[in-house]
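Data block below; observations after.
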Amino acid sequence: MQFIRSAIFAITLCGSIFAQSTWIVDVANGAGSHFSDIQSAVQAAKHGDLILIRRGTYFGPVACSKGVRIVALSGATLMNTKTSGFTLQVSRIPAGQSFSMTGLTVGHGAYNPTRGLLMLSNLGTLSFSDVTFSSPRGMDIFSCASVTMTSCHITGQLRCSQSHITMSSSSIEGGSWTPESICELDRTTFVLANSSVRPHKPTSSIKFNGLAVSARQSTIRLHAGCDLETSTAYPLEVLIAKGSSTLIVDPSVVLKPSGRAQDFTGFLATTRPLPTLSVQAQGVGSPIALQITQPLHWLWILQVGTRGVPLTVGPFGELSIDFGTLMILGAGVSTRTTTKMQIPTPSVPALRGIPFAYQTASGAWPTLEYSNVVGTMLY
C-alpha cells in the first residue's frame, strides 16, 4: 500500500502554521536559554508556543492555562518538596486550543498531604507523551473535554470526573496511600489500550489493598493489550460499577480479581473486538512506526490530524481528531492480526513539538469502530 505523499506535505504546512515562539528553560542558565524555571516560561508564552526544557531538576508549583507545547529533554524533572500546595496544575485551556507535554518527570512530595497533580476545567485538549507522574496522593482529572496519555506512567490514585480520557501504552500503579480503588471514575469515559492498572508492589511490607477501577455513570472501553489487577486478602472484583455504567471489553483483555471473585460487577457489559493503535514517533526526518491490532480480514482506515474533542460519529463510533485537520493516510484489509507500517517524515525543523493525533476506523464492513486515539510529537 502506498501512503499519500500529499498528506505528508500537508503536515509540513500544518507545522509551519503552528510553529510560533520557542522558549528555552535551563536551570543552569546555559547559553541560549531564556529562563531558569518553568513557570516563568509559561507566563511569557502564548497559545501555540513551544517551551523546551533542558536537563535538570526544576521546582514547582507550575500552573498553566495556555495551549502551549512543553517538550523536556532527557533528565528533566519537575518536583515540589514543600509540605503544601500543588506541583502541576493545567486548567481552563480554552476550546480550540491544545496543551501538550512530552518527556517530563513530575514528582509530588511524599510529605505533602495535598493532591498535587491537577487537570481541571479544560475545554481544550490535553496530550501527554512519555511523562512520568508520581504522587502518593494521586492525580485529579476533573471536567476535561479530552485528555490523551501515551507511554505515560502514573503512581498513585487516578480520580476522574466528567472527563474523557484515553490512555495508550501506559500504566497506573496504585500507591500505598490509594484509598479503595486505583482508578475512581465519575461520569467519565475511560479508554485503555495496551495499558495496565495494577497495585503498587513496594519492597516494604506496606502495600495497596483494593480494586482496580470503581465507576459511577461512566463508560469504560478496554482495547487489546490491557491488563487490570485487584489486590486484597479476600475475593474482590477488578471493576465495580455504582450506578449506570457501561463496559466494553476486547476478548484479549486480562482481568485478575482477588480470590474467586468475578471479573466485574454492576456494568452493562459487552465483549467484542476493539481495534488498538500503537504509534512511535521519533525525531524530525525519522519514520513514524504504526501498529494496528485487529481481527483478520478487517477493513482499516488510518487517519491523522490535530487533537479534537471526541465526537460520536454514527454508525462508526467515536472520532477524536479535529474534523478541520483530518487526513486519511492509508487504508487496507488486514491479512494478519497485527498490521505494521511506517510513515516517512520530512526533515523540517518546524515540525518539532507539533502535536498530532492518530486513529483508525476498523471493522468488518459496513460495521466500523474507532480505535484508541494516540497523540504523538516529533522531537
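If you read the sequence shown in numbering that gives the first Met the number 0, its first letter stands for residue 0, the second for the next number, and so on.
For every residue, glycine included, the Cβ atom is placed at its ideal position computed from N, Cα and C.
How would you write the range of the beta strand (DSSP E) that residue i sits in, first residue to last?
i, result
"Val253", "253-255"
"Val61", "61-63"
"Ser170", "170-173"
"Cys143", "138-149"
"Ala288", "287-292"
"Ala192", "188-192"
"Ser195", "195-198"
"Gly132", "Residue identity differs from the one stated: residue 132 is Phe in this sequence, not Gly. Taken as a continuous stretch (DSSP letters only), the beta strand (DSSP E) holding Phe132 covers 131-133."
"Leu221", "218-221"
Just verifying my parser: in three-state terms, what is the DSSP assignment at residue i?
i, result
"Ser204", "Low per-residue confidence applies at Ser204: pLDDT is 46, beneath 50, and the placement is therefore not dependable enough to give any value."
"Ile181", "strand"
"Thr324", "helix"
"Leu267", "strand"
"Gly209", "strand"
"Val373", "strand"
"Ala281", "Per the sequence shown, the amino acid found at residue 281 is Gln instead of Ala. Three-state result, Gln281: coil."
"Gln161", "coil"
"Ser20", "coil"
"Ser244", "coil"
"Thr231", "coil"
"Gly362", "strand"
"His152", "strand"
"Arg259", "coil"
"Asp410", "Absent from the structure is residue 410, since the part of the chain shown begins at 0 and ends at 378."
"Glu368", "strand"
"Ala214", "strand"
"Ser167", "strand"
"Leu276", "strand"
Where do the N-terminal and C-terminal ends of the alpha helix (DSSP H) with residue i fall, by residue?
i, result
"Gln42", "37-43"
Should residue i go down as buried or exposed, given a rule of 16 or more other Cβ atoms within 10 Å for buried?
i, result
"Thr147", "buried"
"Phe34", "buried"
"Asn371", "buried"
"Arg220", "buried"
"His222", "buried"
"Asn79", "buried"
"Phe189", "buried"
"Leu295", "exposed"
"Phe322", "exposed"
"Gln19", "exposed"
"Thr202", "Caution applies to Thr202, whose pLDDT of 49 falls short of 50 and renders its modelled position unreliable; the value that the coordinates give is listed next. Exposed: under 16 other Cβ atoms inside 10 Å."
"Asn28", "exposed"
"Val253", "exposed"
Given a cut-off of 9 Å on the beta-carbon distance, is the pair residue i and residue j in contact?
i, j, result
"Ser180", "Gly173", "yes"
"Thr366", "Pro314", "yes"
"Ala273", "Ile247", "The amino acid at residue 273 is misidentified as Ala; the sequence shows Leu. In contact: Leu273 and Ile247 (Cβ atoms closer than 9 Å)."
"Gln302", "Leu267", "no"
"Asp129", "Gly106", "no"
"Thr338", "Trp364", "no"
"Gln281", "Leu377", "yes"
"Leu117", "Asp139", "yes"
"Val70", "Gly352", "yes"
"Leu184", "Ala214", "yes"
"Pro95", "Gly59", "Inspection of the sequence shows that residue 95 is occupied by Gly rather than by Pro. Result no, Cβ atoms of Gly95 and Gly59 do not sit closer than 9 Å."
"Ile342", "Pro286", "yes"
"Phe98", "Leu77", "no"
"Ala232", "Ser257", "yes"
"Val347", "Val283", "yes"
"Leu227", "Val196", "yes"
Does any C-beta atom of chain C lie closer than 9 Å to the C-beta of residue i?
i, result
"Glu317", "Among the chains of the structure shown, chain C does not appear; only one protein chain is present."
What are the complete beta strand (DSSP E) segments, minimum 3 residues, inside the segment 294-357?
-> 298-304, 306-312, 316-320, 326-332, 337-342
Counting only runs of 3+ residues fully inside the segment 41-127, write out the beta strand (DSSP E) ranges in chain order.
-> 49-52, 55-58, 61-63, 68-71, 75-79, 87-90, 97-101, 104-107
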